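K.L.:
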Amino acid sequence: MRKLLSAALVALAITMLPYPGNAAEKKLTAVSGPVSGGWYLGMGLVAKAFTDANPEYEVTMLPGSSMSNVAMLQQHKADIAIGMRPSNMAAIEGRDPFKKAYTNVAAFANLNDTAPLHFVVTKKSGITSIEQFIKEKKKIRLSHGAVGSSEHTYFGWVLEAYGTSYKELKDWGSKLYNNNFDDVVNMMKDGQLDAIVWVGPGESWFFTELVQSVDLVWLPLDEKVIETVSKKYGLTPGTIPAHLFKGHVGKEIKTVATCNELLVRADMDEDLAYRITKAFITNLDDIRKGNAAWSNCTAEKAGLDTGAPLHPGAAKYYKEVGLIK
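Residues -23 to -1, 1 to 302, numbered by mature numbering (1 follows the signal peptide of the UniProt record, and there is no 0), are exactly what the sequence shown covers, in order.
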């Protein structure tokens, strides 16, 4: 599956290049997620839809994370991005982990996907609950994602609600890793990790691969923790379905969740934001087919309930076609 995804990404990157003899005169930069992930694939499909309709443009794809992507928009280092709603809202309001309010972030589509937080341990680790390893001050080897990533930030909020922190985990001897998911797969297969944190919709390629050779256990969050984190940080109560990863999840897991939004610079020209939005909506069927994680996104809901303010250019398009009032 991993090889197929990589091949698809290479093919996608090639299709976004301008045709010979028709070099693009205008350039945009889009930031998403790790090259091997669904965000990167989805953003590539968005970029292709836009450049097919606007061949005078070329879109450069860069990897990123929910936290860093909004910073790239703020700093004019990116034009198009994807981000999780709580991260977008925290950036705009200047809340932790951001040091100041970001004013150059706007939305052009709500993907209406559910991205739950997964806390997954190996069965042989002996970890039966988050409460257990905290109470026992168990030394765990945890991959929490890159510092500033959604995984690192949101699980930090969860630990806070449990009355502890990453610092305390390290103080009692735990080892924390921020490796990419390619490394995480190899480390877990080799018995070098006990737990993984991931935030995302649907099924990830790395868990799909890991369940074939490693006995994994999905652990729920305490209901009071879910309530605390949801109220304080804008996450929502969510569930991980039992059937995921060919039934390896086993039972419905209570957790916190978020959704993703497609973003542009707030100071982007209105006509350009309009054209990006139009390309996305008119090609939405193909984009959803190419990235199943976005299958819940609909034209009717894409312009509604965004955490970041809807860009005026996007609003103009949605109003023009009768999708919002």
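We treat Cβ as the ideally placed atom computed from N, Cα and C, and that holds for glycine.
All figures in this text were calculated on a predicted structure; none of them were measured in a lab.
Report yes or no: do three or more beta-carbon pairs, one from the stretch 192 to 208 and one from the stretch 102 to 119, lie closer than 8 Å?
P.N.:
yes
K.L.:
If you count every other CB in all the chains shown that lies within 10 Å of the CB of Glu200, and 16 or more means buried, which is it?
P.N.:
exposed
K.L.:
Please say whether Ala26 and Ala7 have beta carbons closer to each other than 7 Å?
P.N.:
no
K.L.:
Thinking just about the alpha-carbon of each residue, which of Ser126, Glu108, Trp149 is nearest to the one in Leu136?
P.N.:
For the options Ser126, Glu108, Trp149, the alpha carbon positioned closest to that of Leu136 is the one of Glu108.
K.L.:
I'd like to know if the stretch 237 to 252 and the stretch 272 to 289 are in contact, where contact means that at least 3 CB-CB pairs between them fall below 8 Å.
P.N.:
yes
K.L.:
Output needed for Pro178: all residues of its chain with C-beta closer than 7 Å, excluding positions within five of it in sequence on either side, in chain order.
P.N.:
Short of 7 Å from the beta carbon of Pro178, and not among the five residues preceding or following it, lie these beta carbons of its own chain, in chain order: Asp90, Thr91, Ala92, Ala270.
K.L.:
Within the continuous alpha helix (DSSP H) that includes Lys278, where are the two ends?
P.N.:
276 to 279
K.L.:
Could you give the DSSP three-state label for Ala78: helix, strand or coil?
P.N.:
coil
K.L.:
Who does Ile230 pair with in a DSSP beta bridge?
P.N.:
Ile230 pairs with Ile217.
K.L.:
Could you check if Asp148 is buried or exposed, using at least 16 other CB atoms within 10 Å of its CB as the buried criterion?
P.N.:
exposed
K.L.:
Which complete alpha helix (DSSP H) runs does the stretch 240 to 289 hold, if anything under 4 residues is left out?
P.N.:
247 to 259, 261 to 267, 276 to 279
K.L.:
Let me know if Trp130 comes out buried or exposed under the rule of 16 or more other beta-carbons within 10 Å of its beta-carbon.
P.N.:
The sequence shown places Thr at residue 130, rather than the Trp named in the question. Buried, since its Cβ has 16 or more Cβ neighbours within 10 Å.
K.L.:
Where do the ends of the beta strand (DSSP E) carrying His225 lie?
P.N.:
His225 -> no beta strand (DSSP E), and no H or E assigned at all.
K.L.:
Compare the C-alpha of Gly60 against each of Ala86, Lys54, His53, Thr80 and name the closest.
P.N.:
Ala86
K.L.:
On the three-pair Cβ rule with 8 Å, is the stretch 43 to 63 touching the stretch 8 to 23?
P.N.:
yes
K.L.:
Looking at the structure shown, is Ser127 part of a helix, part of a strand, or coil, going by DSSP?
P.N.:
Helix, per DSSP.
K.L.:
My output table needs one value for Gly15: the three-state DSSP class, helix, strand or coil.
P.N.:
helix
K.L.:
Can you check which of these residues, Lys278, Leu239, Lys302, Glu297, is closest to Leu50 by C-alpha distance?
P.N.:
Leu239
K.L.:
Less than 7 Å separating the beta-carbons of Val206 and Ala138?
P.N.:
yes
K.L.:
Tell me the rounded alpha-carbon separation between Ser181 and Gly15.
P.N.:
8 Å
K.L.:
Do Thr235 and Pro63 have their C-beta atoms closer together than 7 Å?
P.N.:
yes
K.L.:
Taking 8 Å as the limit between beta carbons, can you name the residues of its chain near Val124, skipping five residues before and five after?
P.N.:
Asn155
K.L.:
Going by DSSP in three states, Ile111 sits in which element: helix, strand or coil?
P.N.:
helix
K.L.:
For Phe222, which residues from the same chain have a beta carbon less than 7 Å from its beta carbon, with the 5 sequence-adjacent residues on both sides left out?
P.N.:
Glu180, Phe184, Thr185, Val188
K.L.:
Who are the Cβ neighbours of Met66 in its own chain at under 8 Å, not counting the five residues just before and after it?
P.N.:
Arg72, Gly211, Gly284, Ala285
K.L.:
In its own chain, which residues sit with a C-beta less than 7 Å from the C-beta of Ala78, not counting the 5 before and 5 after it?
P.N.:
Excluding residues up to 5 positions away in sequence, Ile69, Glu70, Gly71 lie with their Cβ nearer than 7 Å to the Cβ of Ala78 in the same chain.
K.L.:
With H, G and I counted as helix, E and B as strand and the rest as coil, what does DSSP make of Asn157?
P.N.:
coil
K.L.:
Could you check where the alpha helix (DSSP H) with Val176 kicks off and where it finishes?
P.N.:
Not the alpha helix (DSSP H): Val176 falls in the beta strand (DSSP E), residues 172 to 176.
K.L.:
To the nearest whole angstrom, what separates the beta carbons of His53 and Arg252, a pair I think is in contact under 8 Å?
P.N.:
Wrong, their Cβ atoms sit about 19 Å apart, outside the cutoff.
K.L.:
In or out: His121 buried (at least 16 other Cβ within 10 Å) or exposed?
P.N.:
Buried, since its Cβ has 16 or more Cβ neighbours within 10 Å.
K.L.:
Got a sec, what are the start and stop residues for the alpha helix (DSSP H) Thr205 sits in?
P.N.:
200 to 210
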